[in-house]
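Residue numbers (my numbering): 1166 to 1584.
I have placed the structure first, in the form of C-alpha cells, so that the comments after it can refer back to it.
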C-alpha cells in the first residue's frame, strides 16, 4: 500500500512537517521489511531501485511525545538513530536480496559461490566503515553498563545503540552463513571417502593450517574470514548479557523480542564453536555465556513467545554440548573401543603406538586412530582450529546426538540456513 501511494518517492512540494512525517513512515516500513526477511526468511518486499526518498532530518522530540510544555534540554533526537538504522539495512540490502529476495542467485550452490562471496566481501567492508563512523552516543560500549539512575536521554541512547549493535552483528551472521554452508558441503563429501583417503585428508588439513590453504583452494579466502566474522559477531552479541541494567531496560521496552532473537542466534553460533573444541578454555567460556543467555531467555519467556521456544531448543543444545564434552573426555585417544591399559596387559609394554610423553603432548580432546598416531610428528600436535570448527559444523548439520523437539529434529530448527 505504501508503494502504491508513492511513499518511496521524493516529494518536492508540500508542508515541511508532512514531508518529514512521510520520510519517517516510509523508512520505518523499509527497515521492518528487511527485519522481517532476516527473521522469517521471507522475500524482500521493497526494491531499493524504486526508492529515492531522502533520510529523515534531525528533529528534537519530547520523550513523552507531548506536543508542548517540556524543557528543551530534555528533548531527544530520535532521527539520528533511525537514519543510521536505515543506512545499515541499505548497505546490507544487495546481499540480503541475494539470500531472501525474489531475484536471488537461484541455487544454494550459487549462493555460496564466488559471486556471492564478492558481494558479501564488499558489503562487509561497507558495514565495518558504517560502524566506525557511528556517532559516539549511538556506539555501544560493551565494557560499560548503563547507569540505573541516569537521565532519560542516556537510557534512550543506550537502547538505540543496543539496537544498532544487535542489528549490525546479526546481519554479519546472516550474510556469512551461506559461505559456511559451502564448507559444510565440502566436508560432508570428504566424510564419505575411504579410510585411507580420510587419513591423507587429515594430514593435508594440518599442513594447510601453515600454508594458508584449505579444503577448497579456490575458496580459501572465504573460509579465512567468514568463520572469524561469524564467531566475533556472536561473541559481541553474547556480551550484552554482561550488562544487566541495559538488558533490563531492553526487556522492559519494545526490544524484548528483538533481543531474544539475536541472543538465540548468538548462542547457536557459540555452540558450534564449543563443539569444535569441547575441552578447551573457549568451550568453558561458551558454556558460561550460554548459561547467561538461557537465564535471560527463561526470564523474558513470559513476555515473548519466541524466548520460550528458544529456551526449549537451548536446553537440547546444552545437552549436546555436555554429551560431546563427555565423549571427548572418555574417548580412548587410540580411536579404539578399548583403553590403552587393556591393550598393554595383552600385548606388553612395548606395544604402545607412541610414548606416554607423546600422548601427553596431544590436545586434551584429540582422538586419533592408531594409523594416524604412528605417522604423527611434533608439527601435527597443534590441531587446526578451523578444521575443528568445520567438523562441528558438519556434526550439527547432520544432527548428531540431537534429540527430537516437537516431532522435528533439532538440527532442522537451528541449521535451516545451512541447507
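Note that CB positions come from ideal geometry on N, CA and C, so glycine has one too.
Keep in mind that this is a model prediction, so the values were computed, not measured.
Those residues which DSSP pairs with residue i across a bridge
{"i": "residue 1428", "result": "According to DSSP, residue 1428 bridges with nothing at all."}
{"i": "residue 1241", "result": "1226"}
Residue nearest to residue i in terms of C-alpha spacing, selected from the options
{"i": "residue 1219", "options": "1246, 1240 and 1187", "result": "1187"}
{"i": "residue 1249", "options": "1210, 1302 and 1217", "result": "1302"}
{"i": "residue 1244", "options": "1294, 1310, 1204 and 1322", "result": "1322"}
{"i": "residue 1394", "options": "1414, 1338 and 1465", "result": "1338"}
{"i": "residue 1197", "options": "1472, 1447, 1487 and 1423", "result": "1423"}
{"i": "residue 1403", "options": "1419, 1308 and 1495", "result": "1308"}
{"i": "residue 1441", "options": "1289, 1487 and 1255", "result": "1487"}
{"i": "residue 1206", "options": "1336, 1410 and 1255", "result": "1336"}
{"i": "residue 1226", "options": "1246, 1496 and 1257", "result": "1246"}
{"i": "residue 1242", "options": "1471, 1300 and 1178", "result": "1300"}
{"i": "residue 1160", "options": "1200, 1477 and 1195", "result": "Since the first residue of the chain shown is 1166 and the last is 1584, residue 1160 is not available in this structure."}
{"i": "residue 1420", "options": "1471, 1497, 1495 and 1257", "result": "1471"}
{"i": "residue 1193", "options": "1496, 1211 and 1180", "result": "1211"}
{"i": "residue 1262", "options": "1452, 1400 and 1202", "result": "1202"}
{"i": "residue 1450", "options": "1400, 1418 and 1467", "result": "1400"}
Proximal residues to residue i (C-beta, below 6 Å), its chain only, five neighbours per side dropped
{"i": "residue 1443", "result": "1489, 1490, 1493 and 1530"}
{"i": "residue 1331", "result": "1427"}
{"i": "residue 1618", "result": "This structure does not reach residue 1618, given that the chain is present from 1166 up to 1584, and the question cannot be answered."}
{"i": "residue 1445", "result": "none"}
{"i": "residue 1410", "result": "1310, 1311 and 1313"}
{"i": "residue 1213", "result": "1258"}
{"i": "residue 1408", "result": "1310"}
{"i": "residue 1477", "result": "none"}
{"i": "residue 1189", "result": "1221"}
{"i": "residue 1473", "result": "1466"}
{"i": "residue 1290", "result": "none"}
{"i": "residue 1495", "result": "none"}
Same chain, Cβ closer than 7 Å to residue i, neighbours up to 5 away in sequence not counted
{"i": "residue 1333", "result": "1253, 1292 and 1296"}
{"i": "residue 1396", "result": "1434 and 1438"}
{"i": "residue 1461", "result": "1406, 1412 and 1428"}
{"i": "residue 1298", "result": "none"}
{"i": "residue 1319", "result": "1311 and 1312"}
{"i": "residue 1414", "result": "1311, 1320, 1323 and 1324"}
{"i": "residue 1288", "result": "1256, 1257, 1259, 1260 and 1340"}
{"i": "residue 1504", "result": "The pLDDT assigned to residue 1504 is 45, lower than 50, so where the model puts this residue is not dependable, and the model offers no usable value."}
{"i": "residue 1200", "result": "none"}
{"i": "residue 1452", "result": "1439 and 1486"}
{"i": "residue 1251", "result": "1192, 1195, 1196 and 1220"}
{"i": "residue 1475", "result": "1425, 1429 and 1462"}
{"i": "residue 1204", "result": "1426"}
{"i": "residue 1418", "result": "1324"}
Cut-off 8 Å between Cβ atoms - residues of its own chain near residue i, not counting five sequence neighbours on either side
{"i": "residue 1185", "result": "1221, 1222 and 1224"}
{"i": "residue 1479", "result": "1429, 1432, 1455, 1458, 1459 and 1462"}
{"i": "residue 1178", "result": "none"}
Beta-carbon proximity check, residue i vs residue j, cutoff 7 Å
{"i": "residue 1432", "j": "residue 1455", "result": "yes"}
{"i": "residue 1469", "j": "residue 1398", "result": "no"}
{"i": "residue 1340", "j": "residue 1260", "result": "yes"}
{"i": "residue 1482", "j": "residue 1448", "result": "no"}
{"i": "residue 1326", "j": "residue 1344", "result": "no"}
Residue-chain proximity (residue i, chain D), Cβ-Cβ < 7 Å
{"i": "residue 1400", "result": "Within the model displayed, chain D is absent; a lone protein chain is all it includes."}
Quiz item: When the Cβ atoms of the segment 1307 to 1315 are set against those of the segment 1278 to 1290, are three or more pairs found closer than 8 Å?
Solution: no
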